[in-house]
Amino acid sequence: MHKKMGTRYVPDSQIVALPHGTLHYGDDLFLTRKVLLYQIELQPGQVGEDYIRTLHHKAAFIHDGFQHILDTAVEEDSVTIILQAKPGSLFSNHVNKKEMSFHTIIAMIADLGVSLLDAMEERITGFTVGAENLWLDDHGKLSVINYWDKGDPQAQGAIGLCRLMIQLFTGAETISGAFEVMHTHLERTPIPSATYEQKLALIKLIKLVCHGHASLSSLIFGLRSLPYSGQKQDAGPIHTQNHYQYPSKIQKHVVDEVDEVDEAAPAADKRSQSLSALSKAGIGAIAILVVVLVTVWALWPSPKTESVVVVPIPTATPTMSTNTPVPSTTKPLGDSNKQAEEVAIPNLVGLSQSDAEAQALAAGLHYNFLIEANDQPKGTVIKQDPKSGAKGLQGDNVTFWVSKGSQ
């Protein structure tokens, strides 16, 4: 393809074919530089000039985590976005090679997440973070290619980052299935470069995101707070000179999300300093008091020995909520490299809540349940996800809904 776009840009070799166009290397003849040419086929009735007008806000956004829009060109049936070209390659060339360590992947995803937070501040959202829409430069940093078009919701934001992260750990080209149970892919995948504690902490973090209990900023903060094993980050086949040190920026976004915690912090610090001073002043008195009490106890005449009966205290039953899933008791993962056995999801619809719980546990599944108003008798399971007969693995989650009767 060597058709000139006007007199300035000449397309070169194709990088990837996209659903609505293609991405090519190109040459800017005026400035004698390499560029990326993102050519988009217009849909019937679509006007190129109208499409370009929607890019003005995005084109003004300049960030290392995004391929900067340099120029645009409009043709009869397509538009071309001229993008900054960084040394590197399309990230989808790397996702199924499993060539990066645990530390490299976590740092890379956290860094990309900070870029997403920065874009959110400029009201730039809705783009995907799928591997085919990411560019990996020679320093191991990811940047988003197309950040002006709306993409698949399951590949956006925190959910998209989790899906991408699981792809990198498993080497899979795509991660299928409902996002609520995405973490199960990671549970059955060996990660030699991670400790058991690191893998378990990561699974819990992804599970929170996939169940809607953790935001993008919480995910990034959680990734940077994962247990440290003392191992050095590997160089691997990808240069990692950029060490992704963004603690203050991530903390800023987390604090913005929970302002009330931030406002209470100075007062808490003052109270902590006061308590520290008091504790130092009273430590001598406490030590003397302890010695006196021990001496008195030792010299006190002993009464007649009585048998002591230890009565086990039963654990409290969790309170039900009409909106929040109530998880079952979770079995430990055990060996993180052990392969889980395949199971068939049982039919829980029509059963009582207790029978449904027993069926789920008997199949080796974890379960959550929700209470909602329904015409069915109170305590009856009215629906479930995944549906009965679907294939799963031991340790997967099944969610069912329990009727609380009509309101």
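Here the numbering used here is used: position 25 in the sequence shown is 14, and no number is missing along the way. Built from N, CA and C at the ideal position, the CB exists for glycine as well.
The Cβ atoms of T159 and T178 lie closer than 8 angstroms to each other. Q156 places its beta carbon less than 8 angstroms from that of V84. Check the Cα spacing between E30 and each of A6, H355 and T43: the tightest is with A6. About 6 angstroms separates the beta carbons of L72 and V24, which is inside the 8 angstroms limit, making them a contact pair. Minimum Cα-Cα distance from F80 among the listed residues R152, K130, E64 and L26 corresponds to K130. With contacts defined as CB atoms closer than 8 angstroms, A99 and L212 qualify as a contacting pair. The distance from the Cβ of V338 to that of V370 is about 5 angstroms, consistent with a contact at the 8 angstroms cut-off. When the alpha-carbon of F116 is set against those of G146, D126 and L125, the nearest one is in G146. Distances from the CA of P8 to each of G37, N122 and E88 were compared; the closest alpha carbon is that of N122. In this model, K380 and I334 are separated by some 6 angstroms (Cα to Cα).
In the three-state scheme derived from DSSP, where H, G and I count as helix and E and B as strand, N122 is classed as helix. The segment 18 to 58 is shown to contain whole beta strand (DSSP E) runs of 3 or more residues at 22 to 30, in chain order. Taking K188 as reference, the option from H202, S104 and I94 with the minimal CA-CA separation is I94. The continuous alpha helix (DSSP H) containing Y185 extends over residues Y185 to C199. In the structure shown, G378 adopts coil according to DSSP, grouped into three states.
D344 has its alpha-carbon roughly 13 angstroms from the corresponding atom of F358. In this structure, the straight-line span from the alpha carbon of F91 to that of P366 is close to 49 angstroms. Contact check for L175 against L194 fails: the beta carbons are separated by 8 angstroms or more. The straight-line gap separating the alpha-carbon atoms of E186 and H172 is approximately 15 angstroms. Residue state for N357 is assigned as strand, using DSSP reduced to three classes. Using a Cβ distance threshold of 8 angstroms, G77 and D127 count as a contacting pair. Closest in alpha carbon position to A108, among W137, G34 and W124, is W137. When the alpha-carbon of L26 is set against those of C151, L12, S377 and I113, the nearest one is in L12.
Of the other Cβ atoms in all chains shown, 16 or more fall within 10 Å of the Cβ of V118; this residue is therefore buried. When only Cα atoms are considered, T114 and E65 end up about 29 angstroms apart. Per DSSP, reduced to three states, the secondary structure at S182 is coil, with no helix or strand assignment.
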